[in-house]
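Each remark here refers to the structure printed beneath this line.
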Amino acid sequence: MIELILKRLLAAVPVMLIVATVVFLLLRMAPGDPARVIAGDMASEESIAQIRTDMGLDQSLGTQYVRWMAALVQGDLGHSIQSRQPVTTLIKARLGPTFSLAAWAILLTIATAVPLGVLAAWRHRGLADRGIMAGAVLAFSMPVFVVAYLLILVFSVKLNWLPVQGYAPLADGLGQYARHLLLPTVTLAMVFVALITRITRASLLDVLGEDFVRTARAKGVTERFVLFRHALRNAAIPIVTIVGVALTTLISGVVVTETIFNIAGVGRLIVDSVLARDYPVVQGTILFFSFLYVFVNLLIDMAYVVLDPRIRY
Amino acid sequence: MPTSSASLLPAAPPPSRWRQAASALIHDPVMLGSLLLLLLLVALTVGAPLLAFHDPATLTPRARLQGSSELYWLGTDSLGRDLLSRVLYGGRLSITLAALVSAIAIVAGLAIGLAAGYVRRLDAPVMRLMDGIMAIPGLLLAVALVALGGANIVTMVIAISIPEIPRVARLVRSVVLSVREEPYVEASLGSGTPALKVLWRHILPSTINPLVVQATFVCAAAILTEAVLGFLGLGFPPEIPSLGSIIAEGRPFFQRAPWIVLAPGVFLALLILAVNMFGDALRDRLDPRLSRKTKG
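Top line first, the protein sequences correspond to chains A and B. Under this note's numbering, the residues of the first sequence are numbered 485 to 797, in order. Under this note's numbering, the residues of the second sequence are numbered 820 to 1115, in order.
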């Protein structure tokens, strides 16, 4: 088991290297001169040149790449231009709200989408199925900010039940924490619920069509047993796969949600840094999220072994 | 012996793609409905210069923040500009951009996927590269590229296309991998047909169906990404009406004048919904197998 984990970890390293390289290349090769962008519109040629030297942008691409990689391996994501703090510190400070938001959104998604998907599959082609699928397409198509503002309009402005924005850490009390997190979580989860519901339904339908299910039913096993014991377990793999793949969408959603609800998380950090032209922070946070994605997918790969005994690496 | 003479006739040729498409449209209400909605929205936006009664850029500060009225059908925004014309022009921008992005992503993804699928030695490195790009959240990549390259149409199109390319490439590659083993490809190669011709005549046609479906999803994603970029203030300059930036401008006035946020929002949602529904219906029709595995 240990060697399996190590093997998978080792396999992830090249991917992370590639991700880091891709980020480096794409940002370095993008049109536009980072030094000029950082210096701003009013800067003189000398200050631009100075910035260029400071950031090592005047050296060859190869040298820059080596320096970048060396720093990365040591966990150094660079320093913010605005605040001079290390990027890692900035990210760590903002991790709490983002993590809360994302974790609750994922939990909400699983708690809502899986039952909905099961229901839709069970009542295949029935009214419930069509209704749920229609709802899913609708939820999937609504941009995050439209959903957010509709929810805010109803719950904060008209009914005045929930605060319009902001974040209250757990330390401030469970009530406040929950109240502030409720709307953002629902907003973020909506697209996911749609996605996971569809995948659950499709995957379950696939499994329910298989021979062993027919056998189980012929044996006289109750429908509920068939669903939960046999079908759902087998349907789990595609669902888990999609969760991994959809992580990037989750991250994008986090960025928008945090901006709308004014939550001081990592997503907002990216937006603020881009607007402030704080280029190292932008780069560092992108890397952070990408590595997170690779890591989560790694965990999912390993989860496969648990979920499907047929899979051996 | 009574033999049906009809069985001696050669079978009717399969209907052409156009006939298939027409029959699909007529028999599938969802596909027809979403296509009609889409065409309606496109017609509205394309006809924006004719339909919009006011110039979207004219400021009339006296008339700011008004609700729906005879003069301004959707009301005015914070600077007294007609919301209806701004939304229509914004929609025009979204659709144009989405079409461009879709075209680029499909062409690039097709080229990469064909290369990776056909040339064995290219497969592993190219796919690793695609995996690397896919690991970066699309929005963030677009944000970073636009931040560096400036908010002009070229940069925006490139920035939004790049995150979509890997998915298309993977799709094409998997099709190529399976078609490559078919007997007719082997036969063609064996009789000396040059590789490029084989690709063009035998392999490419199999990619068309999944590509068309994927194109619709890329379109929807592009519309959404452009809107989000505009919303975050990272898209086109504020004078150019874009659905996202109109919503962003309406944020501070949300309690007083919610229509500034809601009108473009609803338009955007309808547009994305129409594209998604059409893509779904198309996928169910063109390749029911695909609807289980890939999700756009």
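For every residue, glycine included, the Cβ atom is placed at its ideal position computed from N, Cα and C. Since the structure is predicted, the reported quantities are computational estimates derived from the model, not experimental observations.
Does the beta carbon of residue i come closer than 8 Å to any beta carbon on chain A?
{"i": "phenylalanine 1055 of chain B", "result": "no"}
{"i": "valine 1080 of chain B", "result": "yes"}
{"i": "glycine 909 of chain B", "result": "no"}
{"i": "leucine 960 of chain B", "result": "yes"}
{"i": "alanine 830 of chain B", "result": "no"}
{"i": "aspartate 1099 of chain B", "result": "yes"}
{"i": "alanine 1046 of chain B", "result": "yes"}
{"i": "glycine 957 of chain B", "result": "yes"}
{"i": "glycine 1049 of chain B", "result": "no"}
{"i": "glutamine 1033 of chain B", "result": "no"}
{"i": "leucine 851 of chain B", "result": "no"}
{"i": "alanine 1117 of chain B", "result": "With chain B running from 820 to 1115 in the structure shown, residue 1117 of chain B is simply not present."}
{"i": "lysine 1114 of chain B", "result": "Residue confidence for lysine 1114 of chain B is low, a pLDDT of 38 falling below 50, so the modelled location carries little weight; the figure read from the coordinates is stated next. Yes, contact with chain A."}
Within 10 angstroms of its Cβ, does residue i collect 16 or more other Cβ (buried), or is it exposed?
{"i": "threonine 706 of chain A", "result": "exposed"}
{"i": "valine 583 of chain A", "result": "A small fix is needed here, since residue 583 of chain A is phenylalanine in this sequence, not valine. Exposed, because fewer than 16 other Cβ atoms sit within 10 Å of the Cβ of phenylalanine 583 of chain A."}
{"i": "tyrosine 777 of chain A", "result": "buried"}
{"i": "leucine 958 of chain B", "result": "buried"}
{"i": "serine 544 of chain A", "result": "exposed"}
{"i": "serine 528 of chain A", "result": "exposed"}
{"i": "serine 980 of chain B", "result": "buried"}
{"i": "aspartate 608 of chain A", "result": "Reading off the sequence, residue 608 of chain A comes out as histidine, not aspartate. Flag for histidine 608 of chain A reads exposed."}
{"i": "glutamine 569 of chain A", "result": "exposed"}
{"i": "phenylalanine 745 of chain A", "result": "buried"}
{"i": "tryptophan 1078 of chain B", "result": "buried"}
{"i": "tyrosine 1003 of chain B", "result": "exposed"}
{"i": "tryptophan 1156 of chain B", "result": "The first residue shown for chain B is 820 and the last is 1115, placing residue 1156 of chain B beyond what the model contains."}
{"i": "alanine 495 of chain A", "result": "exposed"}
{"i": "phenylalanine 1086 of chain B", "result": "buried"}
{"i": "alanine 943 of chain B", "result": "exposed"}
{"i": "isoleucine 1027 of chain B", "result": "exposed"}
{"i": "glutamine 558 of chain A", "result": "exposed"}
{"i": "threonine 547 of chain A", "result": "exposed"}
{"i": "glutamine 1033 of chain B", "result": "buried"}
{"i": "tryptophan 552 of chain A", "result": "buried"}
Just checking: is the beta-carbon of residue i within a distance shorter than 8 Å of some beta-carbon in chain B?
{"i": "methionine 674 of chain A", "result": "no"}
{"i": "isoleucine 565 of chain A", "result": "no"}
{"i": "leucine 510 of chain A", "result": "yes"}
{"i": "valine 724 of chain A", "result": "no"}
{"i": "tyrosine 661 of chain A", "result": "no"}
{"i": "valine 621 of chain A", "result": "yes"}
{"i": "isoleucine 747 of chain A", "result": "no"}
{"i": "arginine 536 of chain A", "result": "no"}
{"i": "threonine 732 of chain A", "result": "yes"}
{"i": "glutamine 721 of chain A", "result": "The amino acid occupying residue 721 of chain A in the given sequence is isoleucine; glutamine does not appear at that position. No, its Cβ sits nowhere closer than 8 Å to a Cβ of chain B."}
{"i": "valine 557 of chain A", "result": "no"}
{"i": "threonine 547 of chain A", "result": "no"}
Using DSSP with H/G/I as helix, E/B as strand and the rest coil, what is residue i?
{"i": "aspartate 901 of chain B", "result": "strand"}
{"i": "threonine 895 of chain B", "result": "strand"}
{"i": "aspartate 847 of chain B", "result": "coil"}
{"i": "leucine 878 of chain B", "result": "coil"}
{"i": "lysine 1112 of chain B", "result": "Unreliable placement is indicated for lysine 1112 of chain B, whose pLDDT of 42 sits below 50; no coordinate value is reported for it."}
{"i": "methionine 953 of chain B", "result": "helix"}
{"i": "isoleucine 931 of chain B", "result": "helix"}
{"i": "aspartate 762 of chain A", "result": "coil"}
{"i": "methionine 1096 of chain B", "result": "helix"}
{"i": "serine 997 of chain B", "result": "helix"}
{"i": "threonine 1044 of chain B", "result": "helix"}
{"i": "glutamate 1068 of chain B", "result": "helix"}
{"i": "glutamine 1074 of chain B", "result": "coil"}
{"i": "leucine 643 of chain A", "result": "coil"}
{"i": "histidine 1021 of chain B", "result": "helix"}
{"i": "phenylalanine 773 of chain A", "result": "helix"}
{"i": "glutamate 530 of chain A", "result": "helix"}
{"i": "tyrosine 549 of chain A", "result": "helix"}
{"i": "glycine 866 of chain B", "result": "coil"}
Could you tell me whether any Cβ in chain D is nearer than 8 Å to the Cβ of residue i?
{"i": "methionine 626 of chain A", "result": "The question asks about chain D, but that chain is absent: this structure's protein chains are A and B."}
**Request:** Identify each residue in the stretch 628-639 of chain A for which the Cβ-Cβ distance to at least one residue of chain B is less than 8 Å, and report them in chain order.
**Result:** Residues passing the 8 Å Cβ filter: Val628, Phe629, Val630, Tyr633, Leu634, Ile636, Leu637.
(request) Within the stretch 554-617 of chain A, note down every full alpha helix (DSSP H) run reaching 4 residues or more, in order along the chain. (result) Under the rule that a run must span 4 or more residues, the alpha helix (DSSP H) segments found entirely inside the stretch 554-617 of chain A read 571-606.
In chain order, each alpha helix (DSSP H) run of at least 4 residues that lies wholly inside the stretch 658-699 of chain A:
If we require 4 residues or more, the alpha helix (DSSP H) runs fully inside the stretch 658-699 of chain A come out as 658-692.
### Query
Of the residues that make up the stretch 939-952 of chain B, which ones have a beta carbon closer than 8 Å to any beta carbon in chain A?
So the list reads Arg947, Leu948, Asp950, Gly951, Ile952, given in the order they occur along the chain.
Exercise. Which residues, taken in chain order from the stretch 767-787 of chain A, show a beta carbon closer than 7 Å to some beta carbon of chain B?
Worked result: The stretch 767-787 of chain A vs chain B, Cβ under 7 Å: Ile770, Phe773, Ser774, Tyr777, Val778.
*4 or more residues per run - each alpha helix (DSSP H) lying fully within the stretch 706-761 of chain A*: If we require 4 residues or more, the alpha helix (DSSP H) runs fully inside the stretch 706-761 of chain A come out as 716-729, 731-744, 750-759.
- Along the stretch 683-694 of chain A, what residues have a CB closer than 7 Å to any CB found in chain B? Against chain B - using a Cβ distance shorter than 7 Å - the residues of the stretch 683-694 of chain A are Ile683, Ala686, Asp690.
**Prompt:** If contact means a Cβ-Cβ distance below 9 Å, which residues of the stretch 566-599 of chain A contact chain B?
**Reply:** So the list is empty, because no residue satisfies the distance condition.
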